[in-house]
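Report on one structure; see the data block that follows.
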Amino acid sequence: MRLIHGTSRFRPYTSASGGWGSAHSVLNILWREQAFVKGSAALIKQNKPKGFACVSCAWAKPGDPHALEFCENGAKATAWELTSLRTAPSFFQAHTVTELRGWQDYDLEQHGRLTHPMRYDAQSDRYVTTTWEEAASAIGAQLRALSPDEVVFYASGRASLETSFMYQLFARAYGTNNLPDSSNMCHESTSVGLQESIGVPVGTVTLADFEHTDCIFFFGQNVGSNSPRMLHPLQEARKRKVPIITFNPIRERGLERFVNPQSPVEMLGPKSTVISTQYHQVAIGGDTAAVMGVAKALLDLEERAKRDGEPPVLDHDFLAQHTDGLAHFMDTVKGYSWDELERRSGLTRSALEAAATVYARSEKVMIVYGMGMTQHRHGVANVQMLVNLLLLRGNIGKPGAGICPVRGHSNVQGQRTVGITEDPAKVPKDKLEALFGFSVPERKGMATIDACEGIVNGSVKGFIGLGGNFLRAVPDTSRMEPAWSGLRLNVQIATKLNRTHLVPGEHTWLLPCLGRIEIDRQQGVEQVYTTEDSTGCIRAWRGNAEPASEQLRSESAIIAALAHATLGESVAVPWRQWQHDYALIRKAISEVYPEIFHDFETRMWKPGGFHRPLGATHRQWATPSGKARFITPETLDEDDDVLTGEAGRDVLQLMTLRSNDQFNTTVYGYDDRFRGVKGTRKVVFLNRNDIVRLGFAPGEWVRLRTAIEPAVGREVGPFQIIAYDIPEGCAASYYPESNALIPLWHYAKRSKVPAAKSVPIILIRAQPDAYDLDRAVPETDQIV
Ligand SMILES: Nc1nc2c(c(=O)[nH]1)N[C@H]1C(S)=C(S)[C@@H](COP(=O)(O)OP(=O)(O)OC[C@H]3O[C@@H](n4cnc5c(=O)[nH]c(N)nc54)[C@H](O)[C@@H]3O)O[C@H]1N2
Ligand SMILES: Nc1nc2c(c(=O)[nH]1)N[C@H]1C(S)=C(S)[C@@H](COP(=O)(O)OP(=O)(O)OC[C@H]3O[C@@H](n4cnc5c(=O)[nH]c(N)nc54)[C@H](O)[C@@H]3O)O[C@H]1N2
Ligand SMILES: [Mo]
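Here the working numbering is used: the first residue of the sequence shown is 15, the next is one more, and so on.
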């Protein structure tokens, strides 16, 4: 079967999210990964007590789960991990690394799980087998030969609390705080923004709040693809007539309508649930202006109430007792004209007033948000603006209300909790030093962008990756790749082959690990592990599938071996004992963080786990003033780099997004069902008026070029134009194919999250991509 050519690859999707499309998609991937038996058995245990935590997103798992507590994309992640396919030593004998560098991300991972520890051999340009002992002792020697601040310890966000705690101890005992993690590209704007505003770095909403809320605002998060299990509480809320007000440049299907694929009644019936009751197609980067507009309308309502002798709209008691910065915020809100707010947000005054009216009527409001807010130059201000709106009516610190950042990787929030951070001020230094007998290095380490800069300028010489696909996930990939080959040491702990493994440094090691769904036996005893989800809920899990290969080691065992080989007995960390009994690691965690992890070993088994204490949820604000703070954005400019006026006429703001068929850099397939795209990822979504105005037609091929810092010449493509319902001046394409467009320095102020949702680009006419057109449709499509 060949690909459908031209624009017929795009057909708007008219069904709801979930439903039969979702059920089909799950069957497809189980089939393709030859994981029907193992995968189906595993799915029953997914997100269940005594089962395993889904390896996909970080959304909360209920204490009393549904019979099947997984979603379409969680099932794909399970099938992906439990695949019967193997990337064994024979695969590496058959392909040189240079050849593999020419492959697509999809093809690389499609060969299945890595099975043996491998070492790159420059002479044959191949990965060759090694032993765990050889790998550990060589890596230990190479680390000792480098100076600690030349080495980066990256974590991708999946590894358990136990592994993560060990990993940061390893880095610090070795002598560096260079501990970047994927949240540096993700919710760091949240960690910075919420900490300043309300004194906690994480969200305040729990699953129970969904049962009490009477209004939900949704900003820049694609629930249908990226956290589908959240559609269940949303659907429940909608059944209670809770309004859901969405701000998103495009009409994401999951935010419009949903059919629960696990409900026979819904699957067989004609009805789907309407999710968003108001849908505002805000311009990319226009959210702060939009929320400013909602706040302005709210102040108008307040004036009117005062005039008419009605009860006030603002929560004055809360404002007086719990907040500061209100006066300056109110002055700023009043200072903006409606004209300006409309122009900046791309929304009309009446739309913003409609949102404000519902907000004013609701007693318990929560705001949910994702990458559409954090991955901007003003990502931190975006997050803080959402808090400002909540504070106006006391919507933090009461049931049913609060701020709900939707985290990405399944344990990314937890990794931070147990010390994965470049900032030594955020770890309990005294405790670590007293317990483990080494000095925590004082120098602030590198976060992701700093690490990239260090790789480019040669000051970073060693890199250890605990999962992830760093070289594909970071910005400026075509500048990063050549620099990366200058690394002296490159160690990747991974489950599948990806591009980061294919740009070797001087010494390159590929260490295959168990996935979280697999049984982790240490000296014959099955180990359990813990994670923290997006709602600050911590609980225990265990794998239940046989490992993909006898050679695999657990992540904890690999870290223990590397640490021991590097540090010997020089620090008082019993690496070997910990490796054999994870309860000992948990004991250490509870000693270092007793307020969060006291009685860890028992509480972790509570149905639904336990919540970490968060001051803001009971209105204790750990800010310098002891109050929740209105932090007024300095500007409504979405992006200081954008050219305005005549020079900027041809410039579009590009957001780089996930399809429904990927998990970050892992591409499950070439369809984006909800957006109606079939068989390709090489597309750019544009407004029809822009297509015409710029002299193109739908279906034509273009290259995308970054419109800032033109001297560097950042380009990707050719991509095919899709005419799409997206605001004028905006464009969208897929991550990671577009990462080369994002300059390394184009990141959010203060959080340094790459501004992946606002990249100024221009379009250049191009020839069709012959390879893309000729590529056979992946098998998955053949049984649809
Ligand atoms: N299946 C699956 N699940 C995942 C992932 C995955 O790749 N696949 N990734 C995981 C990870 S690490 C993360 S961080 C999350 C990511 O989940 P999301 O936060 O949903 O991330 P994106 O897919 O990048 O989509 C961002 C959304 O923001 C919107 N948006 C873009 N710019 C703006 C803007 O300026 N304003 C507003 N209001 N909206 C905007 C886009 O239209 C899109 O709907 O999902 C996690 N879960
Ligand atoms: N342009 C653009 N860039 C972005 C984003 C964007 O929206 N746009 N989003 C950013 C975000 S939010 C994030 S979180 C990052 C993601 O960045 P990363 O976390 O670095 O990337 P992933 O694609 O999640 O990593 C996938 C790889 O992890 C390995 N892996 C999978 N499971 C396991 C496991 O259990 N253990 C180990 N050791 N390895 C495993 C596999 O080898 C797989 O190839 O990308 C960021 N980059
Ligand atoms: Mo993420």
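Backbone N, C-alpha and C fix where the C-beta goes; we use that ideal spot for every residue, glycine too.
Residue i versus residue j - alpha carbon distance
{"i": "R140", "j": "S104", "result": "11 Å"}
{"i": "A562", "j": "E95", "result": "9 Å"}
{"i": "G408", "j": "I531", "result": "41 Å"}
{"i": "L511", "j": "R127", "result": "8 Å"}
{"i": "P724", "j": "R493", "result": "14 Å"}
{"i": "I212", "j": "T522", "result": "44 Å"}
{"i": "Q623", "j": "E546", "result": "Reading off the sequence shown, one finds Gly at residue 623, where the question assumed Gln. One C-alpha to the other measures close to 9 Å."}
{"i": "K692", "j": "D685", "result": "4 Å"}
{"i": "V488", "j": "A319", "result": "50 Å"}
{"i": "R363", "j": "H760", "result": "31 Å"}
{"i": "K766", "j": "A395", "result": "13 Å"}
{"i": "D786", "j": "R719", "result": "20 Å"}
{"i": "Y738", "j": "L44", "result": "31 Å"}
{"i": "G476", "j": "H515", "result": "14 Å"}
{"i": "Q565", "j": "A721", "result": "48 Å"}
{"i": "Q276", "j": "D135", "result": "49 Å"}
{"i": "L193", "j": "L328", "result": "42 Å"}
{"i": "V214", "j": "Q107", "result": "50 Å"}
{"i": "Q781", "j": "Q536", "result": "56 Å"}
{"i": "D651", "j": "R391", "result": "9 Å"}
{"i": "V382", "j": "A370", "result": "16 Å"}
{"i": "S359", "j": "V441", "result": "39 Å"}
{"i": "I507", "j": "C527", "result": "6 Å"}
{"i": "L598", "j": "Y543", "result": "12 Å"}
6 Å CB neighbourhood of residue i in its chain, flanking five on each side removed
{"i": "V40", "result": "E86 and A89"}
{"i": "P162", "result": "Y188, G189 and T190"}
{"i": "F611", "result": "I603 and S604"}
{"i": "R764", "result": "V206 and V394"}
{"i": "K75", "result": "N61"}
Cβ neighbours of residue i in the same chain (closer than 8 Å, five flanking residues each side left out)
{"i": "A574", "result": "M180, W589, R590, W592 and Q593"}
{"i": "M399", "result": "D301, T302, V305, M306 and P647"}
Neighbour-count burial assignment, residue i, 16 or more Cβ in a 10 Å radius
{"i": "Y7", "result": "The requested residue 7 is not part of the displayed model; the chain covers only 15 to 798."}
{"i": "P325", "result": "exposed"}
{"i": "I469", "result": "buried"}
{"i": "I58", "result": "exposed"}
{"i": "E266", "result": "buried"}
{"i": "D675", "result": "buried"}
{"i": "G217", "result": "buried"}
{"i": "R25", "result": "exposed"}
{"i": "G268", "result": "buried"}
{"i": "N471", "result": "exposed"}
{"i": "P278", "result": "exposed"}
{"i": "H342", "result": "exposed"}
{"i": "D78", "result": "exposed"}
{"i": "G411", "result": "buried"}
{"i": "W34", "result": "exposed"}
Same chain only: Cβ atoms within 7 Å of residue i, ignoring 5 sequence neighbours per side
{"i": "L581", "result": "A187 and Y188"}
{"i": "E609", "result": "P627"}
{"i": "D271", "result": "A quick correction: the sequence has Arg, not Asp, at residue 271. Excluding residues within five positions, the ones whose Cβ falls inside 7 Å are A30, S31, S286, T287, V288 and I289."}
{"i": "S70", "result": "N87, G88, A91, S424 and F677"}
Minimum C-alpha distance to residue i - residue among the options
{"i": "T680", "options": "D786, S170 and L650", "result": "S170"}
{"i": "I434", "options": "A102, Q156 and L175", "result": "L175"}
{"i": "G482", "options": "G35, R513 and S138", "result": "R513"}
{"i": "P131", "options": "L122, R357, E123 and I153", "result": "I153"}
{"i": "K310", "options": "P278, H330 and E356", "result": "E356"}
{"i": "I736", "options": "A636, E714 and N753", "result": "E714"}
{"i": "F644", "options": "W619, L333, G709 and V237", "result": "L333"}
{"i": "D338", "options": "T129, K440 and E210", "result": "E210"}
{"i": "R779", "options": "E729, D490, Q634 and C527", "result": "E729"}
{"i": "R600", "options": "S570, K763 and R158", "result": "S570"}
{"i": "V401", "options": "A642, F184, G557 and N558", "result": "A642"}
{"i": "L248", "options": "F261, N262, G234 and E225", "result": "E225"}
{"i": "C68", "options": "S548, T670, K696 and L700", "result": "S548"}
| task | Check each residue's C-beta against every heavy atom of ligand 3 and list, in chain order, those closer than 5 Å. | result | Listed along the chain, these residues meet the criterion: C200 and G422.
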